[in-house]
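Visitor: Those sequence lines, one after another, are chains Y and R. Under the numbering used here, the residue at position 85 of the first sequence is numbered 85, and the numbers go up by one with no gaps. Under the numbering used here, the residue at position 184 of the second sequence is numbered 437, and the numbers go up by one with no gaps. In this text, a Cβ means the ideal position worked out from N, Cα and C, and glycines have one as well. Quantities reported herein were computed from a predicted structural model and do not represent experimental measurements.
Number of protein chains: 2
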Amino acid sequence: MIRITIIGSGNVAQHLIKAFTKSEGIEIGQVFSRKKESLTHLIESDKIVTDFSDLKEADLYVISVTDDAISEVSAQLPFQNQLVVHTSGTSSIAVLNPKNRKGVFYPLQTFSKSKAVDFSIIPICLEAENERDYKILETVANRISNAVFSISSEQRKALHVAAVFVNNFTNHLYQIGQEICNEHQMSFEILKPLIQETADKIKTLNPIDVQTGPAKRNDFGTIEAHLNYLTNENQKNIYKILTQSIQHNGKTL
Amino acid sequence: MIRITIIGSGNVAQHLIKAFTKSEGIEIGQVFSRKKESLTHLIESDKIVTDFSDLKEADLYVISVTDDAISEVSAQLPFQNQLVVHTSGTSSIAVLNPKNRKGVFYPLQTFSKSKAVDFSIIPICLEAENERDYKILETVANRISNAVFSISSEQRKALHVAAVFVNNFTNHLYQIGQEICNEHQMSFEILKPLIQETADKIKTLNPIDVQTGPAKRNDFGTIEAHLNYLTNENQKNIYKILTQSIQHNGKTL
Numbered sequence: 001m002i003r004i005t006i007i008g009s010g011n012v013a014q015h016l017i018k019a020f021t022k023s024e025g026i027e028i029g030q031v032f033s034r035k036k037e038s039l040t041h042l043i044e045s046d047k048i049v050t051d052f053s054d055l056k057e058a059d060l061y062v063i064s065v066t067d068d069a070i071s072e073v074s075a076q077l078p079f080q081n082q083l084v085v086h087t088s089g090t091s092s093i094a095v096l097n098p099k100n101r102k103g104v105f106y107p108l109q110t111f112s113k114s115k116a117v118d119f120s121i122i123p124i125c126l127e128a129e130n131e132r133d134y135k136i137l138e139t140v141a142n143r144i145s146n147a148v149f150s151i152s153s154e155q156r157k158a159l160h161v162a163a164v165f166v167n168n169f170t171n172h173l174y175q176i177g178q179e180i181c182n183e184h185q186m187s188f189e190i191l192k193p194l195i196q197e198t199a200d201k202i203k204t205l206n207p208i209d210v211q212t213g214p215a216k217r218n219d220f221g222t223i224e225a226h227l228n229y230l231t232n233e234n235q236k237n238i239y240k241i242l243t244q245s246i247q248h249n250g251k252t253l
Numbered sequence: 254m255i256r257i258t259i260i261g262s263g264n265v266a267q268h269l270i271k272a273f274t275k276s277e278g279i280e281i282g283q284v285f286s287r288k289k290e291s292l293t294h295l296i297e298s299d300k301i302v303t304d305f306s307d308l309k310e311a312d313l314y315v316i317s318v319t320d321d322a323i324s325e326v327s328a329q330l331p332f333q334n335q336l337v338v339h340t341s342g343t344s345s346i347a348v349l350n351p352k353n354r355k356g357v358f359y360p361l362q363t364f365s366k367s368k369a370v371d372f373s374i375i376p377i378c379l380e381a382e383n384e385r386d387y388k389i390l391e392t393v394a395n396r397i398s399n400a401v402f403s404i405s406s407e408q409r410k411a412l413h414v415a416a417v418f419v420n421n422f423t424n425h426l427y428q429i430g431q432e433i434c435n436e437h438q439m440s441f442e443i444l445k446p447l448i449q450e451t452a453d454k455i456k457t458l459n460p461i462d463v464q465t466g467p468a469k470r471n472d473f474g475t476i477e478a479h480l481n482y483l484t485n486e487n488q489k490n491i492y493k494i495l496t497q498s499i500q501h502n503g504k505t506l
């Protein structure tokens, strides 16, 4: 049985508490939260502590707080030489206070409070200072997910940039699609199956191999017609730059 | 029983043949194809004609050929005053020869030969010159799909531009995500659940309401760090312009 203490009560912390509670071979020893009430629906009240000095021995301490607070929280822990990880995609392993053994336990997903998540398919990115600590993190991660990856702090930086492209930017393109529909009195529902199919295709095929459209086939007539059709200069710029990028296969001109 | 004749043997034509063959109340009268062999796996050989003069009476003629060929094919039809539609997203209803009653029967989806499609969820965009012809198209469309929309030629133009944003451009962002992963020795598999979740979210929520990330929260530190991190100028430009667009909520500056 691996005993885990969670430090934090936010979105990711709550999803982790739920996932660990359901997992065999893992026991949540304690949860640290400034406000006890925010977690009483998830875990027995006597396991919630509000003072760092009440933290007991555990095999793993998971700090799941805002990026800005990780360093300070890790410094306040009243023990040393324990395995302490954070769950951030953007912070380096180095922000953790060196009095403990450091690591990262980063679930790569967009969590929202209202939507349940299937943790088993969420990639968990792990980092540790030595093989022994890595093995502990790997054992824990394998209990809640089927997609566990060893990712260095340097790689995690790149991963976060890539996630901005495929998540934040993609969602913004959906928004533009919706706006164009609205402007012409069409329901966004018309585009939804196409959006799903676009995401489905790359489950098994490489994006570059399934690229279609006027940019890909150098259909200059259609590209010109689309650019003339768009009246929003911002949409026009995005159309131009992404068309060029597809034409040059993602390479700098 | 509605009798339909398909003219063409390409991707969309073949998917339509399959869908109509399975549907009650619809009968495929004939299929016109320059090469008989390309369709014998889908339909009885005696229903395939290679000469326009062999075309018999039908309730609906569906021209499913390349955009450039629609006009000429419609002119070659050896009859008049029949209901003739094309299946193109980009061509106006007006490209059809006026000797017949014109219409559009446009299934909005990316079809690939290798991948089976569930036609019932594919939006079908209809246009006709009068209410009576529209009703015929609507009856046929409802037999194969649960998502039937009345879309004018003008709206269809806008829809095609919107589809470029949510399909072509989104797929290109996936490609960039994969390239960033590859450059840093990470598997693209790590990003796939995030891509699926991004597409899933907008099934029930508006894209604008679920936008997250450094651009949305005006996290200038992270944006600057990402721009410094990207070495490919093309990726950097795309990052900049989409970040600005999110910051200005899709409006022109």
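With DSSP run on the structure shown, which of helix, strand or coil describes residue 254 of chain Y?
Guide: Past the boundaries of the shown model lies residue 254 of chain Y; chain Y is included only from 1 to 253, so the question cannot be answered.
Visitor: Anything in the stretch 266-279 of chain R with a Cβ closer than 8 Å to a Cβ of chain Y? List those residues in chain order, please.
Guide: Correct list: empty, as no residue qualifies.
Visitor: Candidates R:271, R:351, R:357, R:306: which alpha carbon is nearest residue 320 of chain R's?
Guide: With distances taken between Cα atoms, residue 320 of chain R lies closest to R:357.
Visitor: Determine whether the beta carbon atoms of residue 262 of chain Y and residue 495 of chain R lie at a separation below 8 Å.
Guide: Missing from the structure shown is residue 262 of chain Y; chain Y here goes from 1 to 253 and no further.
Visitor: For a quick check, are the C-beta atoms of residue 339 of chain R and residue 330 of chain R less than 8 Å apart?
Guide: No.
Visitor: Unbroken alpha helix (DSSP H) runs of length 4 or more, entirely within the stretch 416-488 of chain R: which are they?
Guide: Runs of the alpha helix (DSSP H) inside the stretch 416-488 of chain R: 423-436, 445-454, 473-482.
Visitor: Could you check what DSSP says for residue 354 of chain R in three-state terms: helix, strand or coil?
Guide: Three-state result, residue 354 of chain R: strand.
Visitor: Which residues, in chain order, does the stretch 325-352 of chain R contribute to contact with chain Y at a C-beta distance below 7 Å?
Guide: Cβ contacts with chain Y: 343.
Visitor: Comparing the C-beta of residue 179 of chain Y with each C-beta of chain R, is any distance below 8 Å?
Guide: Taking Cβ atoms only, chain R reaches closer than 8 Å to residue 179 of chain Y, which makes this a yes.
Visitor: Report the start-end ranges of each alpha helix (DSSP H) in the stretch 108-161 of chain Y that is 4 residues or longer and not cut off at the edges.
Guide: Listed in chain order, they are 131-144.
Visitor: Using a Cβ cut-off of 9 Å, pull out every chain Y residue sitting near residue 436 of chain R, in sequence order please.
Guide: The answer, in chain order, is 158.
Visitor: Between which two residues does the alpha helix (DSSP H) holding residue 333 of chain R run?
Guide: Taken as a continuous stretch (DSSP letters only), residue 333 of chain R belongs to no alpha helix (DSSP H), as it is neither H nor E.
Visitor: What do you reckon, are the CB atoms on residue 283 of chain Y and residue 58 of chain Y nearer than 8 Å?
Guide: Because chain Y spans 1 through 253 in this model, residue 283 of chain Y falls outside it and cannot be assessed.
Visitor: Quick check on this structure: which residue in R:414, R:294, R:274, R:259 has the alpha carbon closest to the alpha carbon of residue 327 of chain R?
Guide: Looking at the Cα atoms, R:259 is the closest of the given residues.
Visitor: Any idea if residue 186 of chain Y is buried or exposed, counting beta-carbon neighbours within 10 angstroms, 16 or more meaning buried?
Guide: Residue 186 of chain Y is buried by the Cβ-count criterion.
Visitor: Relative to the C-alpha of residue 409 of chain R, which candidate in Y:153, Y:169, Y:184 has its C-alpha closest?
Guide: Answer by Cα proximity: Y:184.
Visitor: My assumption, with CB atoms under 8 Å, is that residue 415 of chain R sits in contact with residue 191 of chain Y. Please give the rounded CB distance.
Guide: 6 Å between Cβ atoms; contact.
Visitor: Compare the C-alpha of residue 121 of chain Y against each of Y:206, Y:144, Y:205, Y:46 and name the closest.
Guide: Measuring from the Cα of residue 121 of chain Y, the nearest candidate turns out to be Y:144.
Visitor: Within 10 angstroms of its Cβ, does residue 278 of chain R collect 16 or more other Cβ (buried), or is it exposed?
Guide: When all chains shown are included, residue 278 of chain R counts as exposed.
Visitor: Report yes or no: is there a C-beta of chain R within less than 8 Å of the C-beta of residue 224 of chain Y?
Guide: Answer no: the Cβ-Cβ gap between residue 224 of chain Y and chain R never drops below 8 Å.
Visitor: Take the Cβ of residue 33 of chain Y as the centre, count every other Cβ of all protein chains shown within 10 Å, and call the residue buried at 16 or more, exposed below.
Guide: Buried.
Visitor: Using 8 Å as the cut-off, can you tell me whether the stretch 418-430 of chain R makes contact with the stretch 210-223 of chain Y, which would need three or more C-beta pairs spanning the two stretches below that distance?
Guide: The answer is yes - the stretch 210-223 of chain Y touches the stretch 418-430 of chain R, with three or more Cβ pairs under 8 Å.
Visitor: Quick one: Cα of residue 45 of chain Y to Cα of residue 39 of chain Y, how far?
Guide: One C-alpha to the other measures close to 8 Å.
Visitor: DSSP three-state label for residue 5 of chain Y, please.
Guide: Reduced to three states, the DSSP call for residue 5 of chain Y is strand.
Visitor: Using a Cβ cut-off of 9 Å, pull out every chain Y residue sitting near residue 358 of chain R, in sequence order please.
Guide: Going along chain Y, no residue has its Cβ under 9 Å from residue 358 of chain R, so there is no contact; the nearest lies around 15 Å.
Visitor: Report all residues from its chain with a CB closer than 6 Å to the CB of residue 261 of chain R; omit the five preceding and five following residues, and keep chain order.
Guide: The answer, listed in chain order, is 317, 318.
Visitor: Anything in chain Y within Cβ reach of residue 468 of chain R, meaning under 7 Å, just list it in chain order.
Guide: By Cβ distance, chain Y contributes 168.
Visitor: When you measure from the CB of residue 92 of chain Y to every non-hydrogen atom of the ligand FMN, does any distance come out below 7 Å?
Guide: Although the ligand FMN was asked about, the structure shown includes no ligands whatsoever.
Visitor: Is the beta carbon of residue 252 of chain Y less than 8 Å from the beta carbon of residue 487 of chain R?
Guide: It is a contact, given that the beta carbons lie within the stated cut-off.
Visitor: Pull up the distance between the alpha-carbon of residue 476 of chain R and that of residue 341 of chain R, whole angstroms please.
Guide: Using only the alpha carbons, I get a separation of about 41 Å.
Visitor: Determine the direct distance from the alpha carbon of residue 248 of chain Y to that of residue 107 of chain Y, and round the result to whole angstroms.
Guide: Their backbone Cα atoms lie some 34 Å apart in a straight line.
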